[in-house]
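Undergrad: Sequences listed follow chains U and F, in order. Adding 77 to a residue's 1-based position in the first sequence gives its number in the numbering used here. Adding 10 to a residue's 1-based position in the second sequence gives its number in the numbering used here. Backbone N, C-alpha and C fix where the C-beta goes; we use that ideal spot for every residue, glycine too. Predicted model, so just to flag it, every value in this text is computed and none were measured. A single structure is presented below for examination.
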Amino acid sequence: MDISSVFFALVAIVAVVSALLVVTCKNPINSALALVLTFFCLATFYAMLNAPFMAAIQIIVYAGAIMVLVIFTIMLLNIRVDENKKHSHQLALGSVIGIIVLMMTGLVLTRGKVSQPVGDITNELINSQGHTELIGKVMFTDFLLPFEVTSILLLVAIVGAVILAKRKLS
Amino acid sequence: MGIEILGLPLYYYIAMVAKVLIAFVFVLLTVAYATYAERKIIGFMQVRIGPNRTGPMGLLQPIADGLKLFFKEEIIPADSSKFAFLIAPLIALIPAFITFAVIPFGDTIKIFGYDVPLQIVGYYDSGVGKVVDMNIGVLYVLAMSSLGVYGIVLAGWASNSKYSLIGGLRSSAQMISYELAAGLAIVPVFMLVGSLSLQEIIHAQVGMRWFIWNSPMTFIAGMIFYVATLAEVNRTPFDLPEAETELVSGFCTEYSSMKYAMFFMAEYANMVTVSAVMVTLFLGGWDGPFVGSLPWLSPLYFIAKVYFLMFMAMWIRATVPRYRYDQLMAIGWKVMLPSALVVIVITAVAGYFGFYTFSGLFGY
Numbered sequence: 078m079d080i081s082s083v084f085f086a087l088v089a090i091v092a093v094v095s096a097l098l099v100v101t102c103k104n105p106i107n108s109a110l111a112l113v114l115t116f117f118c119l120a121t122f123y124a125m126l127n128a129p130f131m132a133a134i135q136i137i138v139y140a141g142a143i144m145v146l147v148i149f150t151i152m153l154l155n156i157r158v159d160e161n162k163k164h165s166h167q168l169a170l171g172s173v174i175g176i177i178v179l180m181m182t183g184l185v186l187t188r189g190k191v192s193q194p195v196g197d198i199t200n201e202l203i204n205s206q207g208h209t210e211l212i213g214k215v216m217f218t219d220f221l222l223p224f225e226v227t228s229i230l231l232l233v234a235i236v237g238a239v240i241l242a243k244r245k246l247s
Numbered sequence: 011m012g013i014e015i016l017g018l019p020l021y022y023y024i025a026m027v028a029k030v031l032i033a034f035v036f037v038l039l040t041v042a043y044a045t046y047a048e049r050k051i052i053g054f055m056q057v058r059i060g061p062n063r064t065g066p067m068g069l070l071q072p073i074a075d076g077l078k079l080f081f082k083e084e085i086i087p088a089d090s091s092k093f094a095f096l097i098a099p100l101i102a103l104i105p106a107f108i109t110f111a112v113i114p115f116g117d118t119i120k121i122f123g124y125d126v127p128l129q130i131v132g133y134y135d136s137g138v139g140k141v142v143d144m145n146i147g148v149l150y151v152l153a154m155s156s157l158g159v160y161g162i163v164l165a166g167w168a169s170n171s172k173y174s175l176i177g178g179l180r181s182s183a184q185m186i187s188y189e190l191a192a193g194l195a196i197v198p199v200f201m202l203v204g205s206l207s208l209q210e211i212i213h214a215q216v217g218m219r220w221f222i223w224n225s226p227m228t229f230i231a232g233m234i235f236y237v238a239t240l241a242e243v244n245r246t247p248f249d250l251p252e253a254e255t256e257l258v259s260g261f262c263t264e265y266s267s268m269k270y271a272m273f274f275m276a277e278y279a280n281m282v283t284v285s286a287v288m289v290t291l292f293l294g295g296w297d298g299p300f301v302g303s304l305p306w307l308s309p310l311y312f313i314a315k316v317y318f319l320m321f322m323a324m325w326i327r328a329t330v331p332r333y334r335y336d337q338l339m340a341i342g343w344k345v346m347l348p349s350a351l352v353v354i355v356i357t358a359v360a361g362y363f364g365f366y367t368f369s370g371l372f373g374y
């Protein structure tokens with residue numbers, strides 16, 4: 078057992094416990110905080126899989142931006158603590174779906190084969206040039222059109238949000 | 011290569027623990043004495059004396075303050091959200107400290123025959139047999155600074171008090187807007203260095219080719235970054251979240267005892283951290299005269315530069331009045347953000363025509 082498996086076990090325990098807390102917490106703010114912790118654990122896994130760029134992006138985008146938005150929404154809508162509501166139907170449906178997904182994951186893990194890397198990107202190339210540089214180059218050459226389309230989509234969303242907010246004022 | 015534990019050499023562990031302890035103690039001591047220094051410096055600038063009763067020249071004042079806060083009664087408001095209320099000071103404090111993990115506070119130093127880079131994060135490459143820097147230092151800094159907003163928002167909301175809520179909302183709006191300007195102001199540095207690693211960024215500046223004067227683009231970017239970080243850590247003239255005259259004490263109105271002290275520590279620890287980031291990106295990091303022949307000087311240069319920037323922040327606080335809220339937002343979105351974008355475009359165009367830095371131009 079080397080140091081990375083010990084570390085993986087520790088982080089995995091935290092990830093599973095915090096993911097459970099997301100669905101079991103009564104207070105929505107506490108659920109959101111537990112979700113932030115889960116994202117942190119995921120970022121740690123990326124870092125351990127030798128993908129530090131993905132780890133940083135995971136924290137910046139999910140923990141830093143999306144979850145701040147979620148917490149804001151919870152706070153401003155003032156969603157209160159969920160008190161003793163019965164959810165028997167949802168609970169049953171959720172458990173069925175959960176069990177099915179678990180079985181599928183088990184099937185993938187036991188029956189699946191690990192494929193070898195496909196394409197020109199090899200470990201040596203990543204080590205010599207760096208993850209960030211490679212992703213940047215590919216994004217602005219081969220995938221330039223999808224990149225631009227995505228940015229236009231985001232711009233449209235921003236303009237739409239501003240227009241909706243303005244209309245309410247007048 | 012000596013004794014190995016779990017696949018890593020023993021000296022790696024010893025060096026790692028030593029570096030973590032040194033960096034942590036350094037930040038904690040700086041935080042404690044920054045409060046004293048701030049009161050003393052502002053006192054002198056306003057022709058007052060400042061704290062002078064506890065110990066010689068008031069030097070024991072931070073310890074007295076800490077003890078006093080420690081023994082104060084801990085009040086948790088009855089209608090607050092307990093868990094969020096308790097955890098908010100922790101969330102505010104932790105990102106401020108862990109940002110220090112990637113900041114190189116000195117050159118690689120030989121200790122007992124081992125090369126020890128003075129930077130906490132770094133993985134041991136068994137192929138090369140030494141510690142290598144991770145290539146994402148700057149992204150890590152940005153990620154951690156984007157987490158700082160949680161502590162303040164949670165504190166403001168969980169207190170269930172109108173002053174706290176307004177303070178928390180103001181501060182989150184301010185931090186999110188100025189984070190953009192600060193993040194964009196770093197981009198010209200990447201474009202000139204071609205790497206996200208903080209070690210590489212410093213190596214590009216070694217030999218007094220600091221970015222603050224080595225190119226007009228990075229000079230402007232550095233100015234934008236400094237002002238934006240002042241706003242991000244809620245320092246005067248951008249200290250609206252805790253504007254005493256309007257909001258009592260902003261997001262930490264309802265906090266008392268050590269939890270209040272933790273917010274206070276978080277503010278100063280953030281100040282140390284952003285000063286260190288500014289030093290690393292624009293002021294040459296640990297670079298200085300004779301550092302090539304005497305690598306032991308490099309941590310001293312680093313500390314001196316960090317303290318100089320913290321002195322500047324205190325100086326600004328003693329001089330400049332607070333902005334109004336709408337002015338603050340207008341400056342952030344209409345001045346700082348566009349000028350950061352313009353600097354990026356100019357850097358790109360100048361780089362296309364072969365002008366990178368003065369040292370590249372004149373070849374000194």
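Give me the Cα-Cα distance between U/ILE136 and U/LEU170, rounded to the nearest whole angstrom.
TA: 32 Å
Undergrad: Counting only runs of 4+ residues fully inside the region 107-168 of chain F, write out the alpha helix (DSSP H) ranges in chain order.
TA: 147-168
Undergrad: Using DSSP with H/G/I as helix, E/B as strand and the rest coil, what is F/LEU70?
TA: Here F/LEU70 sits in coil by DSSP.
Undergrad: Measuring CB to CB, does U/VAL88 end up less than 8 Å from U/THR121?
TA: yes
Undergrad: Using three-state DSSP, classify F/PRO19 as helix, strand or coil.
TA: strand
Undergrad: Answer yes if the region 349-358 of chain F comes into contact with the region 226-239 of chain F, meaning at least three C-beta pairs across the two stretches below 8 Å, and no otherwise.
TA: yes
Undergrad: Could you check whether F/ALA98 and F/GLY161 sit closer than 8 Å to each other, using their CB atoms as the reference points?
TA: Going by C-beta atoms, F/GLY161 is nearer than 8 Å to F/ALA98.
Undergrad: Name the chain U residues that come within less than 7 Å of F/TYR150, Cβ to Cβ?
TA: ALA133
Undergrad: With burial defined as no fewer than 16 other Cβ atoms inside 10 Å of the residue's Cβ, what is the status of F/ARG180: buried or exposed?
TA: Counting Cβ neighbours within 10 Å, F/ARG180 comes out buried, since at least 16 surround it.
Undergrad: Between F/MET11 and chain U, is the shortest Cβ-Cβ distance under 8 Å, so that the two count as touching?
TA: For F/MET11, the pLDDT reaches just 49, beneath the cut-off of 50, and the residue's location in the model is therefore unreliable, although a value from the coordinates is still provided. Judged by the 8 Å Cβ criterion, F/MET11 is not in contact with chain U.
Undergrad: Is F/VAL6 close to chain U, meaning its C-beta is less than 8 Å from at least one C-beta of that chain?
TA: Given a span of 11 to 374 for chain F in the structure shown, any question on residue 6 of chain F remains unanswerable.
Undergrad: Does any CB atom of chain F fall closer than 8 Å to the CB of U/ASN200?
TA: no
Undergrad: My assumption, with CB atoms under 8 Å, is that F/ASN244 sits in contact with F/GLU210. Please give the rounded CB distance.
TA: Not really, about 31 Å apart at Cβ, beyond 8 Å.
Undergrad: Cβ of F/VAL301 versus every heavy atom of the ligand HEM: is any distance shorter than 7 Å?
TA: No copy of the ligand HEM occurs in the structure displayed, which carries no ligand at all.
Undergrad: Would you say U/ALA142 faces chain F, with C-beta separation under 8 Å as the test?
TA: yes
Undergrad: When you compare only the Cα positions, how much space is there between F/MET185 and U/ILE176?
TA: Distance from the CA atom of F/MET185 to the CA atom of U/ILE176, rounded to whole angstroms, is 42 Å.
Undergrad: Using the Cα positions of F/GLY76 and F/GLY53, report the straight-line distance between them to the nearest angstrom.
TA: 20 Å
Undergrad: Work out the CA separation of F/VAL284 and F/THR239 for me, nearest whole Å.
TA: 7 Å
Undergrad: Would you mind sorting F/THR367 into buried or exposed? The rule is 16 or more other CB atoms within 10 Å of its CB.
TA: buried
Undergrad: Between which two residues does the alpha helix (DSSP H) harbouring F/ARG58 extend?
TA: Unbroken run through F/ARG58: none, as it is neither H nor E.
Undergrad: Quick one: what's got a C-beta closer than 7 Å to F/LEU319's C-beta in the same chain, skipping five residues either side?
TA: SER285, MET288, VAL289
Undergrad: One question on the structure: do F/LYS92 and F/ILE86 come within less than 8 Å of each other, judged by their Cβ atoms?
TA: yes
Undergrad: Name the chain F residues whose beta carbon is nearer than 7 Å to that of U/GLY207?
TA: ASN145
Undergrad: Does the pairing of the region 294-307 of chain F with the region 198-205 of chain F give three or more beta-carbon distances under 8 Å?
TA: No, the region 294-307 of chain F is not in contact with the region 198-205 of chain F.
Undergrad: My output table needs one value for U/ARG188: the three-state DSSP class, helix, strand or coil.
TA: helix
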